[in-house]
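The structure appears right after this line, and notes come after that.
Protein chains in written order, with this note's numbering: chain A, 1 to 112; chain B, 113 to 227.
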């Protein structure tokens with residue numbers, strides 16, 4: 001079982017719609033969860049981080065965490081063509097040293 | 113300012129060459145990381161430095177040699193690489209408080225091609 005799993009997509013949504021990206025993780029002791037956006041040929045860019053169960057909102061982005069279900073999600077409201085990118089879910093493993101493990105990424109395509 | 117810089121942006125090297133990648137941050141972070149990313153794959157952790165000491169080596173071949181001369185600089189020395197080592201090499205840094213998992217900020221990467 002992979003440590004962090006994401007649907008690779010592509011996830012295709014129309015402009016203005018809500019994009020929903022999902023991620024599950026296997027390390028029950030993990031406490032820190034991140035969403036990065038990566039455009040083709042560029043480096044990962046931090047979008048959101050979340051530590052506590054529930055929702056965290058930042059502009060058009062909402063991260064949701066359910067530790068009991070070992071599930072993290074990212075909602076993008078009012079999706080724009082500029083949101084088209086690969087979204088990487090990342091989890092810090094328990095045990096110290098801030099070891100960050102990435103999921104394979106979900107490719108999002110927002111079409112006009 | 114959350115900037116991590118990396119040089120060079122692109123590097124082409126032969127299998128007998130020796131080269132170095134450089135990473136720099138001026139955010140006062142005390143943890144720095146090297147990742148390798150192949151095309152259409154997620155970044156994979158190679159090394160972690162915490163307070164200038166190597167804390168994690170993810171069983172990386174010895175042809176990759178990391179160095180942390182001071183808290184702002186991180187180097188990756190390359191020697192006798194193989195074509196399969198061609199990838200995007202990413203540097204990242206974080207505060208280094210060793211508490212709850214910290215946000216890692218990535219540099220733009222060095223795209224390496226080994227011929």
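Yeah, the Cβ is synthetic: ideal placement off N, Cα and C, and Gly gets one too.
At the 9 Å Cβ level, is residue i part of the contact set with chain B, yes or no?
i: residue 57 of chain A; result: no
i: residue 49 of chain A; result: yes
i: residue 34 of chain A; result: yes
i: residue 42 of chain A; result: yes
i: residue 5 of chain A; result: no
i: residue 92 of chain A; result: yes
i: residue 46 of chain A; result: yes
i: residue 11 of chain A; result: no
In terms of DSSP beta bridges, what is residue i paired with?
i: residue 160 of chain B; result: B:145, B:168
i: residue 6 of chain A; result: A:23
i: residue 32 of chain A; result: A:92
i: residue 135 of chain B; result: B:118, B:186
i: residue 204 of chain B; result: B:145, B:218
i: residue 225 of chain B; result: B:124
i: residue 66 of chain A; result: A:71
Should residue i be flagged as near chain A, meaning a C-beta pair shorter than 9 Å?
i: residue 214 of chain B; result: yes
i: residue 163 of chain B; result: no
i: residue 160 of chain B; result: yes
i: residue 120 of chain B; result: no
i: residue 219 of chain B; result: yes
Find the residues of chain B that neighbour residue i, judging by a C-beta separation of less than 7 Å, and give them in chain order.
i: residue 103 of chain A; result: 154
i: residue 100 of chain A; result: 157, 216
Listing by chain order, which chain A residues have their CB less than 7 Å from the CB of residue i?
i: residue 167 of chain B; result: 97
Using a cut-off of 9 Å between C-beta atoms, extract the partners of residue i located in chain B.
i: residue 88 of chain A; result: 154, 155
Shorter than 8 Å, the distance from the beta carbon of residue i to the closest heavy atom of the ligand SAM, or not?
i: residue 84 of chain A; result: Absent from the structure shown: the ligand SAM. Ligands present: none.
Evaluate contact between the region 25-37 of chain A and the region 125-145 of chain B, counting only Cβ atoms and requiring at least three cross-stretch pairs below 8 Å.
The region 25-37 of chain A vs the region 125-145 of chain B: no contact.
Determine contact between the region 138-148 of chain B and the region 175-189 of chain B, defined as no fewer than three beta-carbon pairs at a distance below 8 Å.
Judged by Cβ distances under 8 Å, the region 138-148 of chain B makes contact with the region 175-189 of chain B, as three or more pairs qualify.
Report yes or no: do three or more beta-carbon pairs, one from the region 87-98 of chain A and one from the region 117-130 of chain B, lie closer than 8 Å?
In the pairwise beta carbon analysis, the region 87-98 of chain A is classified as not touching the region 117-130 of chain B: fewer than three pairs are separated by under 8 Å.
Looking at C-beta atoms only, is the number of pairs between the region 65-79 of chain A and the region 15-23 of chain A that lie closer than 8 Å three or more?
The answer is yes - the region 15-23 of chain A touches the region 65-79 of chain A, with three or more Cβ pairs under 8 Å.
Do three or more CB pairs link the region 160-173 of chain B to the region 93-111 of chain A at distances below 8 Å?
The region 160-173 of chain B vs the region 93-111 of chain A: in contact.
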